[in-house]
Structures are given as C-alpha cells and as structure tokens.
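**Q** Below is the structure I would like to discuss, written out as structure tokens.
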Amino acid sequence: MADPILSVDDLSVEFETYEGRHHVLDGVDLTVEEGETVALVGETGCGKSVTAKSIMGTLPRPPGEITSGSITYDGTGLLADADAHARVQGEEMSMIFQDPMTYLSPVYPVGSMMADVATYSGGEDVSWLGMLKNLLGRRANRGEIRERSIELLDRMRIPDPEGTLDRYPVELSGGMRQRVIVAMALINDPTFLIADEPTTALDVTVQDQILSLLRERVEERDLSMLYITHNLGVAREIADRICIMYAGEIVEVGTTEEIFDAPLHPYTRGLLDSIPKLTGFEGDGIDGQIPDYTDPPTGCRFHPRCPAAMAGTCDVEPVESHAVGDDRAVACHLYEDGMSFGEAATVAEEEAGGPTDEPVTAEAGGEP
Amino acid sequence: MSGDPLVSVRNLEKYYPVDTGLFSRTESYVKAVDGVSFDIMPGETFAVVGESGCGKTTLGKTVARLYEATGGTIAFEGQDITDLDGKALRQLRRDIQVVYQDPSSSLNPRRRIGAIVKEPLAVHDVGTKAERDERVAELLRRVDLPVEFRHRYPNALSGGQKQRVAIARALAVEPKFVVLDEPTSALDVSVQAKVISLLDDLQDELDLTYLLISHDLSLVKNVADRIGVMYLGNLMEVTDSRTLFENPVNPYTEQLLSAIPVVESGEQSLKPPSVEVRGETPDPKDPPSGCPFHPRCHRAFDACDAVDPELVEVEDGHQTRCLHDPGPKAEAVAEHRSDDVTQEGVTED
C-alpha cells in the first residue's frame, strides 16, 4: 500500500488555562489515504476540532501546546517545520467550517472574499501596494478569478452565480452561504479538504444537498478529505473509513461498513445504541459525562462510563490501540491479544449481554 | 379515535407584522402559523416536525398561551382558552407547562437549582415553605438528579443535567400538558437518549400529554404517537407515526424522509423510495403563491402555483395538504387543468 497522504502519529495537545492544564488530545493516531474520505466522529468536547486545527496549523498557541507526536503530509513533517506547514496549508489544504455566518465577513461581498482567498492563500508575501490595489478591486488577474468563482458557484448549484458574487452574506440563505463556504474552500484546487461539521447548522433537506455536492466534487477531483462530525448518520453517508473519538483518544477505526455492522468498542456501541432509529429505539444512552481534561481518568479514559469496564485493568493500565484484522483497530483492553475480527466480534456480542470473564483471562496471559 | 381531546386547536393563526418605512407602517405579515388545526388526546404525544423557520416553535408557544393568537381557537379540556386572561389564565398555567430547547438560556444563571425548581410553586402558592422544599427534593430525585444539586448554580451542571432541571421545574406544579420545544437538540446523542427515556417514564407515571416540537424525524418516529409535518406555517401531513413513515402521501414528507441520514442498513428499507431533494425554505415574508411548497416540489403540476390546498382526510386519521388529494379544491384544480391541456397526465405518477 502506498503511504497515506496524511498521517498523524501519537499527537498530544494540552491547553494551559487558569483552571489548570487541560490534557485534551492524548496520543491521537490517524491516517488518510489518497482519495479517501475519513470521518472523525465524536461528541461535543472530544477533541475533534482540536485535531483538525492541529493538522491545519491553526491551533492557537498559546494556550494550546503540542506536547508530542508528528503530523506528516505527503512525506513532509509539518510540526517540525513551520514554513513547510504554512506552504502545505496554503497550497494543498482547505478547510470548510460549520457556521458560515462566523466565517464569512458581513461587510464584504461574496466575490471579493473569494478573490481574497484565491490571491492570498499560499502564504506568499504581498506588498502593501499590491494589497491596496487588490482592495480597490484592481488585482492583476481579476477577470480570471471572477470566472473561476462563477464556475465554482455554478458547480455548487447556486442560482445566478454571477449575481451572487456581488451579494453580501446576509442576502443569502443558510444553505447558500454554506455552498459559498464550500466553493471558497475549493477555489485554489486543494488536494486535501478538512470539513469541520459543515452541515450541522443546516436543515436535513439542505444537508442532503450539500453532502451530495461534496461527495461529487471529492470523487471528481480525487480529493482526500477528513470529515468531522458528531452525526454518525452523516458519517455513514460520506465516509470510506470512520474514526471514533472519545475524550481526546481515537477509540476505534474501521471501514464504514465494519463500524456500523460490528462496532467493537463499548463507546461506539453505546453511541450507536443512543441514536433513535427508524427501526426502533430501545437505547438508554451512556451514563456519565465526558471527563474533566484537567484531571482525566487514569487507564482508559472511557472506563468510568464503560459498561464493560474491568476493575484492576481498565482503570489502571493505559490503553493501546490493538489491530483487529486488516485496517481495523480498537483501543480497548477487551481486545488486547491480537484477536481476529471474527473473534473480536464474538467478544463484542458476548459482552453486549454483560461483561464476561473471558477477555480478562486472555488479557492476563499476553502483554502486547 | 375515541374520547374527547385534551387539546383541540382550530384554524390557529399567528401573524407577525412586518413594519417598514419611517412611520413603521405595517406593510405585510409573516404568517408564522397560518391556519393550523389538530387534536391531542389525553396521554398522547403529538409531535410537530419541520425545518427551521417553519413556525413550529411559534405554534407550541401559541398553544401554551405564551403568545397571543391572531386568529382561531385553542380549547383545553373542552374549554376555549384562546382569550383567557387574569385569574383564569393563571390557573391554566398550572396545567400547561413548557420545556425549552436550550437549558443554558432557560435557567437563570444567578439562581440556585433549588430556587429555580421552587419558583413555580411559589408563583402558584402551592404548599407551605417546608412542603415546597420537600417537593423540590422529590422532583430532583424524580429526574434522577442528586438532591444536593439544589445548592448548585446552573453553570456547575452539564447540558443533560440542566435539561433535567428544566423538566423538574416544568413538572413542579403537576401540569397535565407539557409543550416540549426541541428538548434534546442541544444535547449529545448519548445524553439525549437518557433524557428521552426520562420523559417517556414521566409520561407513563404522571399521565402527561406532550406536544413535542422537533426537527429530528428519527427521534420523533420513536417517541410520538401522532406526527404533524409543518412547512411555512402550515401542517402538510398529519397521521400516526407508523403511517407517516410507511405510507407518506405528501411530497414534502417524502423529501424530508428521503434526506434523513441513517445509521443502520435495516433503516434504509424503512425509508420511502428516494426522491430528489431540492431548494430551501423560502422567505416567510414573501411566501410562494398557491401551495407553499410548490417551488421545491418534485410532484408539482400546473395548478399548484395558483390553488392553495387544504388539509384533507385521505383515510381515517391521515390528513394531507396537497393538490394531489384536492378534496374541496377539486373544482379549482380542474379549472386550472382545463386551461392547459398539454399538462395532462403530469400528475399521474
């Protein structure tokens, strides 16, 4: 297999605040292959956006601090070399945000913002005179940029793309603004997209339309995408692979079918059970709440809420990610001795009925 | 259906004036609720679903008498409450309570939980001071919160816990009817499930009737007995939750169902055949002529932009508002069809 286009290894991020030091990310491992869409799924406050910002290089530092780990994009280490990071961020990556009204300026028309993105991203130095010229709408290649913007807005199925360029964000509906945000992210032909909850603020019917536009574009240009969401249903629609995140740790990774057909980690199962489904809903949620990051639980961070927690193991020993079959990993003591996917699924089944002793004995034997 | 409805709403209207110009002349109205009728039976959960801006929250608040209705009537236990005021309205407030969407803004950050839950008791002058304290403890226990929480402030609680406090406050005066306005949409799914099952238990135990306002169809399917689908101030389809998903007849319902992202392969088969979803809710200040949904409708025909359909009963307890089931508007539709013979047959699908 070729090297993944993006790989995040053992990323830890801490935040220094007046409440104390928040240990937010705790050894996050994540890969995105070329042309693949990976969804990062987790609940509020689990560290999804911190991960995205670290990759994008927009993590505010301080208060944030990357204490360990590396991020490699297409063979380039990003954390060690700030210049390389800025170059990759400008030329290769683009980010789509959740709430268009906070990321679009209310005082500039859409066209001017799109032109700014087209001109300034890439991190080249622009002279003051150049900037002034641009501000006055006299940029050198403005015809070409305008054409590109119109073409993109048209691709996003915005009616009257040319007129839209001269409108202000307040004149557009929520769905249209989100389309503009997507178009803006695409204007410099990025190869890697980070989408941070792009449809969360939208109605389902609009969400459906935006998702199919994104999917279309990703396929057409063979883009790689990291899609961040809290909605498993959305992840299922768009992703090839899914990473489930809980309290700053990736607890389970697998292809979309595997995650939904045979979730292994107790958190993933709890999460899936919690979602009301058309087929019925008997889930009872997950007890407790996400931990305090200033003093995260020892051992597995999920153990205080875990229905299958094993005293003496889960609350003491830190978890590592265990490979289960190809392309599948789960960070849980239940799956410690390198079992195959079939075995693990059996354990998962049994444990769904109630904690069994079996994994405990297995775990006592072999330390990986 | 047998028995008398607990809540009966007829042709309810709530218009907001749009003031423009120097002297604030009222130029037009936003028809947030535009002639809505439904009944809620005792012990039932009636859900209103719709996209943002469709008027579902306004409907809930108008039914709870928090907003004055512009037209139509609301009856509670057979009594017309549309114009109730003074003492009678105060009395009514004990029977109808509301739980709001965002507990962070519906709970006063400067008061302790105990005081927040006790307030309705004080307002309605229920019991002595000792009895009220006892009642607060009981309510907190009932919503699965530790009684010590009464000494805390809302910001010391998580979102799910705050919503439990809001529920406890609503239940303090033993209401019969509770309007739940998106009670879980500010919460994470793992917390949402807990709150939903709490609401479900409370309903059984205290014999409550709910009006649930939500945008989450999968949630509503599991919680509600009957569902009304709302679009631009109008109910487009009303039926029991099973029929709505198995046999939707209104094109808007079809589009909504088609757009829900699902998490199980089994769910896909429960969705109606996928239809093309297009467009967005238009500006309510300037709604389309005829059927409000026609510009986005995949089954629109030539009469749709001229004739406004009515809510028509297609089978027992199943109503739809669509010119494909024209009811009393059949004549008007026929008139439009004969105008343009070339469109013949477009409607048959």
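Chains A and B are the protein sequences, given in the same order. The opening residue of the first sequence carries number 52 in our numbering; numbering runs sequentially from there. The opening residue of the second sequence carries number 21 in our numbering; numbering runs sequentially from there. Glycine included, every Cβ here is placed at the ideal spot set by N, Cα and C. Since this is a predicted model, take the numbers as computed values, not measurements.
Of all Cβ atoms in chain B, is any one closer than 8 Å to the Cβ of Asp-335 of chain A?
**A** yes
**Q** Give me the Cα-Cα distance between Glu-198 of chain A and Glu-267 of chain A, rounded to the nearest whole angstrom.
**A** 21 Å
**Q** Could you pull out every unbroken alpha helix (DSSP H) segment of at least 4 residues lying fully inside the region 175 to 240 of chain A, listed in chain order?
**A** 179 to 186, 193 to 206, 212 to 216, 225 to 237
**Q** Would Val-283 of chain B and Phe-311 of chain A qualify as a contact pair, given that the criterion is a beta-carbon distance under 8 Å?
**A** yes
**Q** Leaving out five residues on either side along the sequence, give the residues of the same chain with a beta carbon under 6 Å from the beta carbon of Val-119 of chain B.
**A** Ala-186, Ile-187, Ala-190, Leu-200, Pro-203
**Q** Tell me, please, whether the CB atom of Ile-280 of chain B is closer than 8 Å to any CB atom in chain A?
**A** yes
**Q** Measuring CB atoms only, is the region 233 to 241 of chain A touching the region 78 to 96 of chain A, in the sense that at least three cross pairs come out at less than 8 Å?
**A** No, because fewer than three Cβ pairs between the region 233 to 241 of chain A and the region 78 to 96 of chain A fall closer than 8 Å, the two stretches do not touch.
**Q** Are Ser-28 of chain B and Ala-95 of chain B touching if we call contact CB-CB under 8 Å?
**A** yes
**Q** So, is the C-beta of Gln-121 of chain B closer than 8 Å to a C-beta in chain A?
**A** With respect to chain A, the C-beta atom of Gln-121 of chain B has no partner C-beta closer than 8 Å.
**Q** I'd like the list of long-range same chain contacts for Met-146 of chain A, defined as Cβ closer than 6 Å, with 5 residues on each side in sequence excluded.
**A** Met-107, Ile-245
**Q** Closest to Asp-370 of chain B by CA distance: which of B:Gly-134, B:Pro-166, B:Asp-164, B:Pro-140 is it?
**A** Since the first residue shown for chain B is 21 and the last is 369, residue 370 of chain B is missing from the structure and cannot be characterised.
**Q** Chain D beta carbons: is any one of them nearer than 8 Å to that of Asp-345 of chain B?
**A** Looking at the structure shown, chain D is missing, and the protein chains on hand are A and B.
**Q** For the beta strand (DSSP E) that Pro-348 of chain A lies in, which residues bound it at each end?
**A** Where Pro-348 of chain A is concerned, there is no enclosing beta strand (DSSP E), given that its DSSP letter is neither H nor E.
**Q** Report yes or no: is there a C-beta of chain B within less than 8 Å of the C-beta of Asp-125 of chain A?
**A** no
**Q** Should Leu-160 of chain B go down as buried or exposed, given a rule of 16 or more other Cβ atoms within 10 Å for buried?
**A** Taking a 10 Å sphere around the C-beta of Leu-160 of chain B, we find 16 or more other C-beta atoms and assign the residue as buried.
**Q** DSSP three-state call for Val-193 of chain B: helix, strand or coil?
**A** coil
**Q** Provide the residue(s) that pair with Thr-40 of chain B in DSSP beta bridges, ordered along the chain.
**A** B:Arg-45
**Q** Applying the criterion that 16 or more other CB atoms from any shown protein chain within 10 Å of the CB defines a buried residue, is Val-249 of chain B buried or exposed?
**A** Result: buried.
**Q** Which residue marks the beginning of the alpha helix (DSSP H) containing Val-243 of chain B, and which one marks its end?
**A** 237 to 243
**Q** For Lys-104 of chain A, return the contacting residues in chain B, with the cut-off set at a CB-CB distance below 8 Å.
**A** Per Cβ cutoff of 8 Å: no residues; Lys-104 of chain A is ~21 Å from chain B at best.
**Q** What does Ser-238 of chain B touch in chain A if you count any residue whose Cβ is under 9 Å from its own?
**A** Correct list: Gly-284, Ile-326, Pro-327, Lys-328, Leu-329, Phe-332.
**Q** Check each residue of the region 297 to 317 of chain A: if its Cβ is closer than 7 Å to any Cβ of chain B, include it; give the result in chain order.
**A** Phe-311
**Q** At 8 Å on the CB atoms, spell out the chain A contacts of Glu-287 of chain B, in chain order.
**A** Lys-328, Leu-329, Thr-330
**Q** Count Cβ pairs between the region 48 to 56 of chain B and the region 202 to 221 of chain B that sit closer than 8 Å; are there 3 or more?
**A** Segments in contact, no.
**Q** If the cut is a Cβ gap below 8 Å, which residues of chain A does Phe-265 of chain B touch?
**A** Leu-329
**Q** Once you ignore the five residues that flank Val-361 of chain B on each side, which residues in its own chain have a CB closer than 8 Å to its CB?
**A** A caution first: Val-361 of chain B carries a pLDDT of 46, below 50, which makes its placement in the model too unreliable to give a value.
**Q** I need the DSSP call for Arg-266 of chain A, collapsed to helix, strand or coil.
**A** helix
**Q** Can you tell me which residues form a DSSP beta bridge with Ala-90 of chain A?
**A** A:Tyr-278, A:Ile-293
**Q** Taking 8 Å as the cut-off, decide whether the C-beta atoms of Asp-80 of chain A and Arg-352 of chain A are in contact.
**A** no
**Q** For Gly-134 of chain A and Asp-240 of chain A, what's the separation of their Cα atoms in angstroms?
**A** The amino acid at residue 134 of chain A is misidentified as Gly; the sequence shows Asp. Cα to Cα, the separation comes out at about 20 Å.
**Q** On the DSSP letters alone, give me the boundaries of the beta strand (DSSP E) that Thr-123 of chain A sits inside.
**A** 115 to 124
**Q** Beta carbons nearer than 9 Å to chain B: which residues of the region 220 to 240 of chain A have them?
**A** Flagged, chain order: Ser-224, Gly-225, Gly-226, Met-227.
**Q** Could you tell me which residues DSSP puts in a beta bridge with Ile-136 of chain B?
**A** Residue pairing by DSSP places Ile-136 of chain B opposite no residue, since no beta bridge is assigned to it.
**Q** Which whole runs of the alpha helix (DSSP H) in the region 211 to 269 of chain B are 4 residues long or more, in chain order?
**A** 237 to 243, 261 to 266
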